[in-house]
Amino acid sequence: MEFIPKIETVGLNFYYGDFLALQDVNIKIPGQNITSIIGPSGCGKSTLLRCFNRMNDLIEHTRVEGKIVMNGRNILEPDMDLISLRKRVGMVFQRPNVFDLSIYNNLEFGLRIHRMLNGKEEVMEAVRQGLEHVGLWGELKDKLRKNARALTLEQQQRLCIARVLILKPGIILFDEPCSALDPVSTLKIEDLLRVLKQEYTLVIVTHNMQQAARVSDYTGFMYLGQLIEFGRTKQVFTNPGEKLTENYISGRFG
Amino acid sequence: MVRENFIKYIKELEKEVTEMGEMVVAAISRSVEALKALDAIEAKRIIADDTLINRRRWDIEEKCINLIATQQPVASDLREILAILCIVTDLERMGDYAEGIGKIVVMHGSEPLLKPLVDIPRMADKAVGMLRKSLDAFLRRDAQAAMAINSEDDQVDLLYEQVSGELLTCMIKNPQTISRATYLIWAAHNLERFADHVTNICERIIFLVTGTMTEVNVSRY
Chain E
1 MEFIPKIETV
11 GLNFYYGDFL
21 ALQDVNIKIP
31 GQNITSIIGP
41 SGCGKSTLLR
51 CFNRMNDLIE
61 HTRVEGKIVM
71 NGRNILEPDM
81 DLISLRKRVG
91 MVFQRPNVFD
101 LSIYNNLEFG
111 LRIHRMLNGK
121 EEVMEAVRQG
131 LEHVGLWGEL
141 KDKLRKNARA
151 LTLEQQQRLC
161 IARVLILKPG
171 IILFDEPCSA
181 LDPVSTLKIE
191 DLLRVLKQEY
201 TLVIVTHNMQ
211 QAARVSDYTG
221 FMYLGQLIEF
231 GRTKQVFTNP
241 GEKLTENYIS
251 GRFG
Chain P
255 MVRENFIKYI
265 KELEKEVTEM
275 GEMVVAAISR
285 SVEALKALDA
295 IEAKRIIADD
305 TLINRRRWDI
315 EEKCINLIAT
325 QQPVASDLRE
335 ILAILCIVTD
345 LERMGDYAEG
355 IGKIVVMHGS
365 EPLLKPLVDI
375 PRMADKAVGM
385 LRKSLDAFLR
395 RDAQAAMAIN
405 SEDDQVDLLY
415 EQVSGELLTC
425 MIKNPQTISR
435 ATYLIWAAHN
445 LERFADHVTN
455 ICERIIFLVT
465 GTMTEVNVSR
475 Y
């Protein structure tokens with residue numbers, strides 16, 4: 001595969017205590033594409049995702065070895081500014097985790113944390129753009145003071161995506177972004193992802209193989225902490241190179 | 255092992271494809287026998303029986319569509335179902351060639367054959383052998399065997415050239431033979447096309463095994 005990777009891991013090992021959760025993972029994730037990571041529960045896919053913005057640092061007794069290179073820099077270096085890293089590498093979770101605040105304040109919150117506020121008008125403009133981007137502006141523009149928890153789950157998940165977008169990240173990580181949503185909302189979020197990939201690098205961890213097949217350009221298959229196969233989604237789902245991948249995606253185990 | 259049911263369905267489909275293949279083998283063999291004997295009654299039966307082959311094709315096709323719609327097959331499962339869809343389309347067409355020979359027998363009527371048939375039954379034997387081998391290669395997922403079968407098509411082509419050359423000579427020598435010779439050329443042509451469809455089946459087997467579409471044999475006809 002010929003591309004300059006947006007994220008590249010080199011010999012990545014990750015330990016929870018003595019347990020080796022990621023073993024010599026070498027992956028090159030292309031920019032402005034959707035990459036899915038699939039694999040059975042416990043294979044390390046979420047751990048890998050959380051390495052990309054060093055969310056694992058929040059868990060005690062963990063250890064990481066190897067390199068994760070983004071824009072020419074190893075983000076695992078101890079002097080890495082984690083706040084700025086997590087701003088550049090946003091994350092969307094399984095269940096929409098909106099704050100118990102108004103829609104407006106949910107969006108403004110990140111701007112405030114990152115001191116990106118420049119007067120009310122600019123904040124409003126950022127909020128508008130964020131909501132517009134995720135297709136919520138039309139339906140919510142007159143309800144910005146409403147509590148975000150009153151929204152439907154799909155709207156909440158969109159709001160969470162908008163909350164990430166507003167900080168202008170280059171990369172967005174999605175950990176099972178649709179598993180709490182119904183099938184129609186799922187397809188709508190997938191449509192949104194296809195739009196977002198024109199500007200952002202998206203990495204999705206999903207249990208839903210059909211989702212990976214539908215939405216992603218590249219797919220990585222993980223098993224027991226190892227990256228077994230990585231390639232174009234079309235290739236992985238029609239003619240995988242590894243028997244293990246074939247057995248997993250065709251439902252023969254997992 | 256999960257998805258046992260799905261795997262069972264696939265195995266059943268494979269069995270049905272080979273059964274359909276045997277129906278086509280029977281049809282083409284019977285049609286050449288009917289031609290040898292100029293047996294119009296048998297020929298009419300062959301024509302009628304083609305419906306059974308057609309029905310079998312729709313039946314298998316429907317099962318494939320159901321599996322795609324309900325089981326979301328991927329990787330080699332998907333390739334196999336797609337291969338089966340193509341193979342049954344070829345088999346159905348090959349059944350039509352047998353039916354076509356039946357129709358030629360009916361058209362030929364009671365006038366004696368221009369000459370005793372030698373090369374036409376040879377073509378049929380060769381083509382039937384190719385079909386049986388291809389179905390066997392399909393069940394065994396044997397891309398190499400499928401590749402080897404393709405070269406046999408050249409032998410069928412050669413026989414066809416021989417048959418049509420001889421018949422052309424007859425027609426030139428004696429224009430009275432034109433209609434009877436034409437019927438035989440048609441029959442030989444049907445067999446030649448029959449063998450070409452076996453090479454299509456072989457291409458699908460190679461695709462099923464390797465995941466790549468390869469054009470293996472460009473027939474001269």
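If you read the sequences in order, they're chains E and P. The letter at position 21 of the first sequence is residue 21 when you use the working numbering, and the numbering goes up by one with no holes. Counting the second sequence from 1 gives a position; the working numbering is that position plus 254. Each residue gets a CB set at the ideal place from its N, CA and C atoms; glycine is no exception.
Item                                                                                                                                                                                                          : Value
Which stretch, first to last residue, makes up the alpha helix (DSSP H) that contains Val10/E?                                                                                                                : It is not in any alpha helix (DSSP H) - Val10/E instead sits in the beta strand (DSSP E) that spans 5–16.
I'd like to know whether the C-beta of Ala329/P is nearer than 8 Å to at least one C-beta of chain E.                                                                                                         : yes
Taking 7 Å as the limit between beta carbons, can you name the residues of its chain near Glu334/P, skipping five residues before and five after?                                                             : Ile264, Leu462
Buried or exposed for Ile319/P, please, with buried defined as at least 16 other CB atoms from any protein chain shown within 10 angstroms of its CB.                                                         : exposed
Helix, strand or coil for Gln326/P per DSSP?                                                                                                                                                                  : coil
With respect to the beta strand (DSSP E) encompassing Asn454/P, which residues constitute its N-terminal and C-terminal limits?                                                                               : From DSSP, Asn454/P is part of no beta strand (DSSP E) but of the alpha helix (DSSP H) over 432–464.
Of all the alpha helix (DSSP H) runs that stay within the bounds of the stretch 152–238 of chain E, which reach a length of 4 or more residues?                                                               : 153–165, 183–196, 209–215, 233–238
With a threshold of 7 Å on Cβ separation, who are the neighbours of Pro30/E within its own chain once the five nearest residues in sequence on each side are excluded?                                        : Phe3, Pro5, Lys6, Tyr218
Assuming Val328/P contacts Ser250/E under a Cβ cut-off of 8 Å, what Cβ separation, rounded to an integer in Å, is found between them?                                                                         : 6 Å
Spatial neighbours of Phe448/P within its chain, please: CB distance less than 7 Å, with the 5 preceding and 5 following residues excluded, ordered by chain position.                                        : Ile282, Met348, Tyr351, Ala381
What residue from Ile34/E, Phe93/E, Pro40/E has the CA that sits closest to Arg50/E's CA?                                                                                                                     : Phe93/E
Phe230/E versus chain P: which residues are under 9 Å apart at the beta carbon?                                                                                                                               : Residues of chain P passing the Cβ test: none, with the nearest at roughly 16 Å.
With 16 other CB atoms within 10 Å as the buried threshold, where does Arg310/P fall?                                                                                                                         : buried
Where does Arg145/E fall in DSSP's three states?                                                                                                                                                              : coil
Which two residues bound the contiguous beta strand (DSSP E) that contains Pro30/E?                                                                                                                           : 19–30
Just list the alpha helix (DSSP H) runs in the stretch 65–146 of chain E, keeping only unbroken ones of 4 residues or longer that don't cross its boundaries, in chain order.                                 : 82–88, 103–113, 119–133, 137–140
DSSP three-state call for Arg386/P: helix, strand or coil?                                                                                                                                                    : helix
Is it buried or exposed, Asp304/P, if we count other Cβ atoms within 10 angstroms and call 16 or more buried?                                                                                                 : buried
So which residues on chain E does Leu332/P lean against when the C-beta distance must stay under 7 Å?                                                                                                         : Thr238
Could you name the residues of the same chain whose beta carbon sits closer than 7 Å to that of Met425/P, not counting the 5 residues immediately before and after it, in chain order?                        : Thr431, Ile432, Ala435
Going by CA-CA distance only, name the one from Glu270/P, Glu258/P, Arg386/P that's closest to His451/P.                                                                                                      : Arg386/P
8 Å is my cut-off, CB to CB: does Arg394/P come that close to chain E?                                                                                                                                        : no
Start and end of the beta strand (DSSP E) containing Thr35/E?                                                                                                                                                 : 34–38
Tell me the DSSP secondary structure of Thr62/E in three-state form.                                                                                                                                          : strand
Look at the Cβ atom of Ile228/E, then the Cβ atom of Leu244/E, and state whether they are nearer than 8 Å.                                                                                                    : yes
Could you tell me which uninterrupted alpha helix (DSSP H) segments, each at least 4 residues in length, are contained entirely in the stretch 335–409 of chain P, listed from first to last along the chain? : 373–394
Do Leu136/E and Leu159/E have their C-beta atoms closer together than 8 Å?                                                                                                                                    : yes
Short check: CB of Ile171/E to CB of Val69/E, under 8 Å?                                                                                                                                                      : no
To the nearest angstrom, report how far apart Lys87/E and Pro177/E are at their CA atoms.                                                                                                                     : 19 Å
Counting only beta-carbon atoms, is Ile249/E nearer than 8 Å to chain P?                                                                                                                                      : yes
Quick check: the Cα distance between Val164/E and Arg115/E, rounded to an integer number of angstroms?                                                                                                        : 15 Å
Tell me whether Ser84/E is buried or exposed, calling it buried when 16 or more other Cβ atoms sit within 10 Å of its Cβ.                                                                                     : exposed
My assumption, with CB atoms under 8 Å, is that Val98/E sits in contact with Arg149/E. Please give the rounded CB distance.                                                                                   : 6 Å
Output yes if chain P places a C-beta closer than 8 Å to the C-beta of Gln211/E; else output no.                                                                                                              : no
How would you list, in chain order, the residues of chain E whose beta-carbon sits under 7 Å from the beta-carbon of Gly465/P?                                                                                : Thr238, Asn239
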